[in-house]
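**Q** Chains as they are written, first to last, in numbering that gives the first Met the number 0: chain A, 0 to 121; chain B, 0 to 121.
There are 2 protein chains.
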Amino acid sequence: MTTTPQLLPMAEPAAAMCCAPLTREAIAADQADLLARKLKALADPTRLRLVSIVAASDGEEACVCDLIEPVGLSQPTVSHHLKILMEAGFLTRSKRGTWAYYRLVPGALGELSHLLDVTASR
Amino acid sequence: MTTTPQLLPMAEPAAAMCCAPLTREAIAADQADLLARKLKALADPTRLRLVSIVAASDGEEACVCDLIEPVGLSQPTVSHHLKILMEAGFLTRSKRGTWAYYRLVPGALGELSHLLDVTASR
DNA sequence: TTCGGATATCGATGAACTTCGATACAGAGT
DNA sequence: ACTCTGTATCGAAGTTCATCGATATCCGAA
Numbered sequence: 000m001t002t003t004p005q006l007l008p009m010a011e012p013a014a015a016m017c018c019a020p021l022t023r024e025a026i027a028a029d030q031a032d033l034l035a036r037k038l039k040a041l042a043d044p045t046r047l048r049l050v051s052i053v054a055a056s057d058g059e060e061a062c063v064c065d066l067i068e069p070v071g072l073s074q075p076t077v078s079h080h081l082k083i084l085m086e087a088g089f090l091t092r093s094k095r096g097t098w099a100y101y102r103l104v105p106g107a108l109g110e111l112s113h114l115l116d117v118t119a120s121r
Numbered sequence: 000m001t002t003t004p005q006l007l008p009m010a011e012p013a014a015a016m017c018c019a020p021l022t023r024e025a026i027a028a029d030q031a032d033l034l035a036r037k038l039k040a041l042a043d044p045t046r047l048r049l050v051s052i053v054a055a056s057d058g059e060e061a062c063v064c065d066l067i068e069p070v071g072l073s074q075p076t077v078s079h080h081l082k083i084l085m086e087a088g089f090l091t092r093s094k095r096g097t098w099a100y101y102r103l104v105p106g107a108l109g110e111l112s113h114l115l116d117v118t119a120s121r
């Protein structure tokens, strides 16, 4: 169980939520489910700050040790939030030595942004 | 108490979250709080569908009676979700007769979309 | 004024979430 | 092999949340 290839519980990121922004027509229930899961992963002050700090970090990556102090929470809690952000498809992890470096998934935030955009639909 | 001018518990919509997208620099704790509250209001399948249905409705407005059957939940639950969306600044309500019509707040989704946009910051 | 229909609020219940301390695990150095 | 350090997982505690039935409120019609 140490090198599990990361089965993301959220299906493929770009499949079911590819194109239709929120406001053109009523979205289906399963699309709403998928989008809500992504939004829920982001709808937490701590996780927003983690994403923000990672994105603004030098090299656009940060290890857990760099994130604990800025958010002011315990290390297990920070790891927990990072896991949620990974499972939602916003972050990736790469271990180098004992350190775990997190970085943004390139298109993830932009895709979400596009789905919420009203102007794209009228 | 029938015509309360709607004191939104979230402060002014465009004040503290006006400009800086998530990924240019680390956001402050209070900005993260504000953004998380908005995202949390949207991070529910039912509420996403409500917003979507309202936006896609004829005249871009819908009354509660039109929303109950599509989402398949009880009337109190639908009213509860609509209230949350109103308090978060995504919907407005106007009563005409016994009916309550909800419609989108023009810039609300777009502002959120802009904040999440990565491309705007690099 | 009384009735009926549309909507909002209340109180309760069960599930999900955030957080922590304790602990397990993995890699690097001695 | 042993230890130290960085990180992940586990179990528990407290809080928040979604949902419902029952009820209150509001408004138009008779």
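The beta-carbon is built from N, C-alpha and C at its ideal position, and this holds for glycine as well.
1) With a CB to CB cut of under 8 angstroms and the five nearest residues on each side skipped, what residues in its chain are close to Thr-3 (chain A)?
2) Output needed for Ala-87 (chain A): all residues of its chain with C-beta closer than 6 angstroms, excluding positions within five of it in sequence on either side, in chain order.
3) Taking the alpha helix (DSSP H) that Ser-78 (chain A) belongs to, which residues open and close that run?
4) Tell me whether the beta-carbon of Tyr-101 (chain B) lies closer than 8 angstroms to the beta-carbon of Val-53 (chain B).
5) State the start and end residues of the unbroken alpha helix (DSSP H) segment that holds Ser-93 (chain B).
6) Please report how far the alpha carbon of Arg-92 (chain A) lies from the alpha carbon of Ala-99 (chain A), in whole angstroms.
7) For the stretch 63-94 of chain B, which residues have a CB atom closer than 8 angstroms to at least one CB atom of chain A, in sequence order?
8) Please report whether the beta-carbon of Val-104 (chain A) lies at a distance below 8 angstroms from any beta-carbon of chain B.
9) Measure the C-alpha to C-alpha separation of Gln-5 (chain A) and Leu-33 (chain A) and round it to an integer number of angstroms.
10) Could you list which residues in chain B have their beta carbon closer than 7 angstroms to that of Asp-43 (chain A), in chain order?
11) Using beta carbons (cut-off 8 angstroms, strictly below), is Asp-32 (chain A) in contact with chain B?
12) Would Ala-28 (chain B) count as contacting chain A if we go by Cβ distances under 8 angstroms?
13) Grouping DSSP H, G and I as helix and E and B as strand, with all else coil, what is Leu-111 (chain A)?
14) I'd like the list of long-range same chain contacts for Pro-44 (chain B), defined as Cβ closer than 6 angstroms, with 5 residues on each side in sequence excluded.
15) Going by DSSP in three states, Ala-25 (chain B) sits in which element: helix, strand or coil?
16) Would Gly-109 (chain B) and Asp-116 (chain A) be called neighbours here (beta carbons separated by less than 8 angstroms)?
**A** Looking at the atomic coordinates:
1) Taking the first sequence and counting its residues from 1, the one referred to as residue 3 (chain A) is at position 4. Bear in mind that a pLDDT of 36 at Thr-3 (chain A), under 50, signals an unreliable position, so the model cannot answer this.
2) For this step, residue 87 (chain A) is matched to residue 88 along the first sequence. Same-chain partners within the cutoff: Lys-37 and Ala-40.
3) By 1-based counting over the first sequence, the position of residue 78 (chain A) is 79. In the DSSP annotation of this structure, the continuous segment of the alpha helix (DSSP H) that includes Ser-78 (chain A) starts and ends at 74-86.
4) The count along the second sequence starts at 1 and reaches residue 101 (chain B) at position 102. The count along the second sequence starts at 1 and reaches residue 53 (chain B) at position 54. Going by C-beta atoms, Tyr-101 (chain B) is nearer than 8 angstroms to Val-53 (chain B).
5) Residue mapping note: residue 93 (chain B) aligns to position 94 of the second sequence, counting from 1. Taken as a continuous stretch (DSSP letters only), Ser-93 (chain B) belongs to no alpha helix (DSSP H), being part of the beta strand (DSSP E) at 90-95.
6) Taking the first residue of the first sequence as position 1, residue 92 (chain A) is located at position 93. Taking the first residue of the first sequence as position 1, residue 99 (chain A) is located at position 100. So the alpha carbons of these two residues sit roughly 6 angstroms apart.
7) Pro-69
8) Here residue 104 (chain A) refers to the residue found at position 105 when the first sequence is read from its first residue. No, no contact with chain B.
9) Looking up residue 5 (chain A) in the first sequence gives position 6. Looking up residue 33 (chain A) in the first sequence gives position 34. In this prediction, Gln-5 (chain A) scores a pLDDT of 37, lower than 50, which makes its location untrustworthy; the coordinate-derived value is nonetheless stated afterwards. Each residue's Cα considered, the two are about 18 angstroms apart.
10) By one-based count along the first sequence, residue 43 (chain A) stands at place 44. For a Cβ distance threshold of 7 angstroms, residue set Ala-35 of chain B lies close to Asp-43 (chain A), ordered along the chain.
11) Stepping through the first sequence from its first residue, residue 32 (chain A) is reached at position 33. Contacts with chain B at 8 angstroms (Cβ-Cβ) include Asp-32 (chain A).
12) Here residue 28 (chain B) refers to the residue found at position 29 of the second sequence. Cβ-Cβ to chain A under 8 angstroms: yes for Ala-28 (chain B).
13) On the first sequence, position 112 is the one that residue 111 (chain A) refers to. Note: Leu-111 (chain A) maps to helix in three-state DSSP.
14) The count along the second sequence starts at 1 and reaches residue 44 (chain B) at position 45. Contacts found: none.
15) As a position in the second sequence, residue 25 (chain B) is number 26, starting the count at 1. Here Ala-25 (chain B) sits in coil by DSSP.
16) By one-based count along the second sequence, residue 109 (chain B) stands at place 110. By one-based count along the first sequence, residue 116 (chain A) stands at place 117. Contact flag set, yes.
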